[in-house]
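Notes follow once the structure below has been shown.
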Amino acid sequence: MAKLSNRFWFQLHGWFSLPVWLLFCFVCLTGTIAVISQELTWLSNPNSRANNPENYEMKSAPELISIVQKTHPTAKITTVMTFEPYLIHAIVFTDIDKPQAIAYINQYTGDIQGVYEDITFNGFMRSLHGWLLFPWESNYSIGYYIVCAMAFVMLGVILTGMSITGFLIWGSRTVKASKKNKEAIVITNTKNSYDGKDAFIEQEIK
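First residue of the sequence shown: 20, per the working numbering; consecutive thereafter.
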């Protein structure tokens, strides 16, 4: 088997990383923003803040649902989302004139501080990071699999990078050295056994 040089590993490492580095950096950047998107929304939109100047007790989910249903009697509640105490809760619902909407309600005062029918900043960043905003058709989105494939690319970059820095080369040399040591020990033991037999034969002859 031909010996693989460091130059080969370096070229393979480059082919794994260069063609996809822009996409990979984009996925990492959007993921970072998605993680702090709630905090960014809190900073930029005052209606997303759960102000509680009177120190009211936090209302339960059924109470918040009833408040939304009083405002939108024909609404069908689908999801209740709770966040950090400083962020208002979100209730996703559908209505006659709203295919899908999100009501942001203060969990302390019970005030509905906004109803949004379009995608929010938080939802946009999570969608952009998760499936690159590719459309979903029959529960299938090619963007989702593109993002997942980045894990295999990262694995290839790590393995080839380790080869360049010498980890795998050092490991292979260590294995070879251990094999040579074992062979040397076997040869030494064999030689000692033959020397012992010769001495025993000479003693009997005498």
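Don't be surprised by glycine CBs; every beta carbon is placed ideally from N, CA and C.
For this session: Helix, strand or coil for I91, going by three-state DSSP, please let me know.
Result: Per the sequence presented here, residue 91 reads as His, with Ile not at that position. Three-state DSSP puts H91 in coil, outside helix and strand.
Exercise. What residue range is occupied by the uninterrupted beta strand (DSSP E) comprising F112?
Worked result: For F112, the enclosing beta strand (DSSP E) starts and ends at 108-113.
For this session: Using the Cα positions of A120 and V111, report the straight-line distance between them to the nearest angstrom.
Result: Taking the straight line from one Cα to the other gives about 6 Å.
For this session: Report the option in L42, W61, M100, V46 whose CA atom is closest to the CA atom of H148.
Result: It is V46 whose Cα lies nearest to the Cα of H148.
Exercise. Mapping DSSP to helix, strand and coil, what is I138?
Worked result: I138: coil per DSSP, three-state reduction.
Problem set entry | At least three beta-carbon pairs within less than 8 Å, the segment 79-92 to the segment 157-170 | Segments in contact, no.
Exercise. Between the beta-carbon of I124 and the beta-carbon of D130, is there less than 8 Å?
Worked result: Taking 8 Å as the Cβ cut-off, I124 and D130 qualify as a contacting pair.
Problem set entry | Cβ neighbour criterion (16 or more within 10 Å) applied to A170 | Exposed.
Problem set entry | For A168, the residue or residues it bridges with in DSSP | Paired residue(s): none; A168 is not in a bridge.
For this session: Output yes or no for whether 8 Å exceeds the beta carbon distance between Y135 and Y75.
Result: Not in contact: Y135 and Y75 (Cβ atoms no closer than 8 Å).
For this session: Going by DSSP, name the residue or residues bridged to E124.
Result: Reading the sequence as shown, one finds Ile at residue 124 and not Glu. Partner residues in the beta bridge of I124, as assigned by DSSP, are H108, I131.
Problem set entry | Where the alpha helix (DSSP H) through A53 begins and ends | A53 -> alpha helix (DSSP H) spans 40-54.
Exercise. Relative to the alpha-carbon of M138, which residue among V54, E156, P118, K89 has its alpha-carbon at the smallest distance?
Worked result: As written in the sequence, residue 138 is Ile, which differs from the Met given in the question. Closest option to I138, Cα to Cα, is P118.
For this session: Whole angstroms is fine: what's the gap from L31's alpha carbon to I55's?
Result: As the crow flies, the alpha-carbon of L31 is around 35 Å from that of I55.
Problem set entry | Inter-residue spacing [alpha-carbon to alpha-carbon] between V205 and L42 | At V205 the pLDDT is 49, less than 50, meaning the model places this residue with poor confidence and gives no usable figure here.
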